Amino acid sequence: MNAWETLVASALVGTIRQEPTIDLTHPALRDYSERLTSQSATLRILSAAGLLATYESVGNSPASATAPLLTPAAADTLTRCSPSTTRYLSEILNDSKYEPILPELLRLLAKSGQTVPPDFLPLLLDLGKRERDLRSAILPILGDRGQWLANQNSKWKYAIDRSNLAPDPIELQEIWLTGTRAERSAALTKWRQFQPIESCLAVAASWKQDKADDRLAWLEVLQTKLSLADEEFLEIALFDRNESVRLVAVHLLNQLPSKYRQRLTKLADKCLTIEENGNNYKIEINYPKAGNKEWQDAGINDKISRGNNQNEGNISDEEWRFLQVISATDLNIWSGNIDLLVKTAVNLNLSFALLRGWTKAACYQKRTDWIKVLLIQANLGINSVRQLLQSLSKDMLDLETEFFSRILIADDFINNIHTSLEIMMSHNQEWSPEISSLVIRQFHKYIHKRSLSSNIYYREQNLSDLLGQYLDVSVLPELQQRQAGLSLENFSYNNCIELLEFRRDMRSAFNTA
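So the number in our numbering is just where the residue sits in the sequence shown, counting from 1, plus 1063.
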């Protein structure tokens, strides 16, 4: 026992029953040993306790750091945001109802060349660690101090700017050969950025020994800096024993003017016949049969899996074989009137797989002419529409406005309002003032129709609340006017209005800074 424990034990027994035991060798008691032994038993215990307590309070030297001090962060090149903006950032981070506004605020900060106060940097770095979708918005506003901070904590390594630092190829090769799965994946991702050809060769070398999940992970990394130099290896992956691996290989090959595309373009004539017929087209579909060796050798899968059946709209195996061909076909083989061709396919109510295949081919080949026609003319499913919208370039925003307008004024909009607005919200962060005003008018019409037949339920209220993230703030007076004339017990625009007011005031903080 130590000196304290010995002293406490003696006190508990009592000085009448037993002579107290005191450790007089302890540094706090050693110099007072003669004086303590000359006192009564009670005083010896009390005096020793006082000396030990004083020693422990002031007798220990404070711990000192031996490691060298960190190099201070460099002076920030970004301007720190105003106190008003800081207040809005604090509200967003601390109130869940404002969380959806964070990407907008981060974009405003980046656009104005501003960063946040130092206290907020760890919060944003942690948020980026958890939410990968936010990283692209967080990184531009970290500034030099944020970069310095990210270098001090391994969990924030995603934020470290390595754009000017080429990794050591020898070190990456060593990690690739000997590391864990996570280490190999990280090494391959870095390697691909600087040596795409060498990294692809490394994947090919270990391909046969790797597990299916690993092969899938390595293949997905090849999306970065994808080129025809990868084609030879992708042709091997195209016939992999794992279906998920094969589908990723197809996805990558379809983005290239590859031999795979050439093979399937030749096969397109055998399953799709298109002839001009006056001011119209004659279209015939001949679905590929299962077990056809020519088609299998070209890389066509006979059967669709359950997961892909759901992704592609619950199609049959024969439609799946047809879809694979059309998705990979060079669209230049149909060089006529694209608008009339698509309109004919829609009017004839032809296979869903045809329009879906054209959609995928247009996106793979970045064909603006086809994307425009398919968006405006074809009655596509939500997956196809999303894919087309994501393929729009910045100079095609007018097309997006035209498409959204068509959705909103369509005869069946009221019956499909949830799906339609879901499509619109999945693509853009903010709608134009014209689209925003049209959304309000149509949504209000929908609410009025619903109220005539039944109560307004949670789903409608939740949809209304979400609109506040996407509506242009200029329509706030219009929405306030709608709310003033609303007389429904279970529904209001108040949450939407509050979010719009918050966004309006947040923006004004940048204008007045």
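From the three backbone atoms N, C-alpha and C, an ideal C-beta is built for every residue, glycine too. Predicted, not measured: the structure shown is a model, and the values here were computed from it.
Beta-ladder partner(s) of residue i, from DSSP
i: Ile1348; result: Leu1335
i: Gln1177; result: Thr1142
i: Asn1343; result: Asn1340
Backbone CA spacing between residue i and residue j [nearest angstrom]
i: Ile1480; j: Phe1506; result: 8 angstroms
i: Gln1387; j: Leu1411; result: 21 angstroms
i: Pro1351; j: Gln1440; result: 27 angstroms
i: Glu1485; j: Ile1223; result: 35 angstroms
i: Asn1305; j: Asn1364; result: 11 angstroms
i: Gly1176; j: Leu1141; result: 6 angstroms
i: Lys1271; j: Ser1217; result: 33 angstroms
i: Ile1389; j: Asp1277; result: 30 angstroms
i: Leu1279; j: Ala1130; result: 44 angstroms
i: Pro1166; j: Leu1172; result: 10 angstroms
i: Gln1294; j: Asn1574; result: In the sequence as displayed, the identity of residue 1294 is Glu instead of Gln. In a straight line, the C-alpha of Glu1294 is about 51 angstroms away from that of Asn1574.
i: Lys1512; j: Asp1474; result: 14 angstroms
i: Leu1235; j: Ala1268; result: 15 angstroms
i: Leu1413; j: Glu1347; result: 9 angstroms
i: Tyr1427; j: Leu1132; result: 53 angstroms
i: Lys1274; j: Asn1558; result: 50 angstroms
i: Arg1430; j: Gln1286; result: 19 angstroms
i: Thr1117; j: Val1179; result: 47 angstroms
i: Ile1204; j: Pro1181; result: 11 angstroms
i: Leu1169; j: Val1266; result: 37 angstroms
i: Pro1163; j: Gln1532; result: 7 angstroms
i: Ala1074; j: Ser1127; result: 36 angstroms
i: Leu1562; j: Asp1528; result: 8 angstroms
i: Lys1333; j: Ala1200; result: 48 angstroms
i: Glu1381; j: Arg1567; result: 53 angstroms
Nearest-angstrom Cβ-Cβ length linking residue i and residue j, presumed shorter than 8 angstroms
i: Leu1197; j: Gly1191; result: 6 angstroms
i: Leu1438; j: Phe1476; result: Wrong, their Cβ atoms sit about 16 angstroms apart, outside the cutoff.
i: Tyr1161; j: Phe1565; result: 6 angstroms
i: Ile1396; j: Ala1331; result: 7 angstroms
i: Tyr1323; j: Ala1250; result: Tyr1323 to Ala1250, Cβ: 28 angstroms. No contact.
i: Val1313; j: Leu1282; result: 11 angstroms between Cβ atoms; not a contact.
i: Ser1555; j: Gln1546; result: 6 angstroms
i: Ser1514; j: Leu1542; result: With a Cβ gap of about 17 angstroms, Ser1514 and Leu1542 do not count as contacting.
i: Leu1099; j: Arg1107; result: 5 angstroms
i: Glu1068; j: Ala1104; result: Wrong, their Cβ atoms sit about 18 angstroms apart, outside the cutoff.
i: Leu1319; j: Leu1289; result: 7 angstroms
For residue i, the first and last residue of its enclosing alpha helix (DSSP H)
i: Met1050; result: The structure shown does not extend to residue 1050, since the chain is modelled only from 1064 to 1576, so the question has no answer here.
i: Arg1453; result: In the sequence as displayed, the identity of residue 1453 is Gln instead of Arg. Its alpha helix (DSSP H) spans residues Ile1445 to Gln1453.
i: Pro1163; result: Here Pro1163 belongs to no alpha helix (DSSP H), and DSSP marks it neither H nor E.
i: Val1536; result: Looking at the DSSP string, Val1536 is not in any alpha helix (DSSP H), and its letter there is neither H nor E.
i: Cys1426; result: Phe1415 to Tyr1427
i: Ser1073; result: Ala1066 to Val1076
i: His1481; result: Ile1480 to His1490
i: Arg1198; result: Arg1198 to Ile1201
i: Gln1524; result: Tyr1521 to Leu1530
i: Tyr1118; result: Ala1104 to Val1121
i: Leu1394; result: Run containing Leu1394: none; DSSP gives neither H nor E here.
i: Phe1257; result: Arg1244 to Phe1257
Beta-carbon proximity list for residue i, same chain, < 7 angstroms, skipping 5 on both sides
i: Gly1399; result: Glu1339
i: Ile1079; result: none
i: Asn1442; result: Val1409
i: Asn1065; result: none
i: Arg1489; result: Just to set this straight, residue 1489 is Ser in the shown sequence, not Arg. Cβ neighbours of Ser1489 beyond the five flanking positions: Arg1449.
i: Leu1156; result: Leu1186
i: Arg1247; result: Ile1238 and Trp1239
i: Ala1136; result: Asp1207, Arg1208 and Trp1211
i: Leu1202; result: Ala1222
i: Ala1112; result: Leu1070
Heavy atom of the ligand ATP within 7 angstroms of residue i beta-carbon
i: Ser1468; result: The ligand ATP is not part of the structure shown, which contains no ligands of any sort.
Other residues of its chain near residue i: CB distance less than 8 angstroms, five sequence neighbours each side excluded
i: Gln1258; result: Pro1232
i: Ile1401; result: Asp1432, Trp1433 and Val1436
i: Arg1522; result: His1481
i: Thr1328; result: Ala1391, Thr1392, Asp1393 and Ile1396
i: Thr1252; result: Val1284 and Thr1287
i: Ile1519; result: Ile1510, Arg1513, Leu1551, Asn1553 and Phe1554
i: Trp1494; result: Phe1467, Met1487, Val1502, Tyr1533, Leu1534 and Asp1535
Neighbourhood of residue i by C-beta, 6 angstroms cutoff - its chain only, sequence neighbours within 5 removed
i: Ile1260; result: Ala1292
i: Trp1219; result: Leu1188 and Ala1213
i: Leu1316; result: Leu1297 and Tyr1323
i: Gly1420; result: Leu1386, Ile1389 and Ser1390
i: Asn1342; result: none
i: Thr1336; result: Glu1347
Any chain C beta carbon closer than 8 angstroms to residue i
i: Asp1332; result: In the structure shown, chain C does not exist; there is a single protein chain.
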